[in-house]
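Asks: Mapping the sequence shown onto the numbering used here, position 105 (from 1) lands on 1592, and the numbers just tick up by one.
Heads up, the beta-carbon is just placed ideally off N, CA and C, and yes, glycines get one too.
Got a structure for you, questions after.
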Amino acid sequence: MLSQHFLTLFFFLLLSCNTITSSTSSSQNDDTFDFVRPIDRKLLDLNKMEKLRHLKFYWHDIMTGENPTSFTVVPSPSKLNSTFSFGLVAMMDDPLTLGPELSSKLVGKCQGLYASTSQDNFSFLMAMFMVINSFWCSSFFVIYLYKMASL
């Protein structure tokens, strides 16, 4: 079975590749972080008039310690190939903050699950419901399948 540290690193890298689009110094206070800002239509070559926003927040997936925010609810069966943890299911109720520190201002929650879905490669299904506190009707649902090339 994959170690908890590997899963934490895997999901951190997955999220950083798909959600966090810029880096900021952790020494800045919460007031300097841009949580929501307009997207430049010309930069993306967009002509339609839909309202677009760029959201930037930090997702804290804590799998160990005193107060974990995600943990395994169905471990991978030991009789199956333990290299890829096929069958593992984990639930999460993770904080979303303005800054990289867990003590930063809480802007929402990420609730959902992730599961190892392949016996012969790294393949994870993630289903997340992100609820943003600051805005009316500001929640969204994300389904993501990450599949690494066969080994």
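Might you give, ordered along the chain, the residues of its own chain that have their beta carbon closer than 8 Å to the beta carbon of K1592, omitting 5 neighbours on each side?
Replies: As a working mapping, residue 1592 is identified with position 105 in the sequence shown. Only residues of its own chain outside the window of five on either side were considered, and among them D1517, T1584, L1585, G1586 have a CB closer than 8 Å to the CB of K1592, listed in chain order.
Asks: Where do the ends of the beta strand (DSSP E) carrying M1550 lie?
Replies: For the purposes of this step, residue 1550 is taken as the residue at position 63 of the sequence shown. Looking at the DSSP string, M1550 is not in any beta strand (DSSP E), and its letter there is neither H nor E.
Asks: Looking only at C-alpha atoms, which of D1581, F1616, R1540, G1574 sits nearest to V1561?
Replies: On the sequence shown, residue 1561 is found 74 positions in, with the first residue counted as 1. Closest by C-alpha distance to V1561, out of D1581, F1616, R1540, G1574, is G1574.
Asks: Per DSSP, which one or two residues make a beta bridge with K1592?
Replies: Against the sequence shown, residue 1592 aligns to sequence position 105. Its beta-bridge partners do not exist; DSSP assigns none.
Asks: Put V1576 into one of helix, strand or coil per three-state DSSP.
Replies: By 1-based counting over the sequence shown, the position of residue 1576 is 89. Looking at V1576 - three-state DSSP - the assignment turns out to be strand.
Asks: Among the candidates S1590, S1605, M1579, M1613, whose CA atom is the shortest distance from the CA of Q1472?
Replies: With the chain running from 1488 to 1638 in the structure shown, residue 1472 is simply not present.
Asks: Taking the Cβ atom as the reference point for each residue, do H1541 and L1589 lie within a distance shorter than 7 Å?
Replies: Along the sequence shown, one-based indexing puts residue 1541 at 54. Along the sequence shown, one-based indexing puts residue 1589 at 102. No, they are not a contact pair.
Asks: On a Cα-Cα basis, can you pick out the residue from S1563, K1634, S1572, K1596 that is closest to I1641?
Replies: Outside the modelled stretch of the chain, which goes from 1488 to 1638, sits residue 1641, for which no answer is possible.
Asks: Does the distance from the C-beta atom of V1576 to that of A1602 stay below 7 Å?
Replies: Here residue 1576 refers to the residue found at position 89 of the sequence shown. Here residue 1602 refers to the residue found at position 115 of the sequence shown. Yes; because the gap between Cβ atoms is below 7 Å, this pair is in contact.
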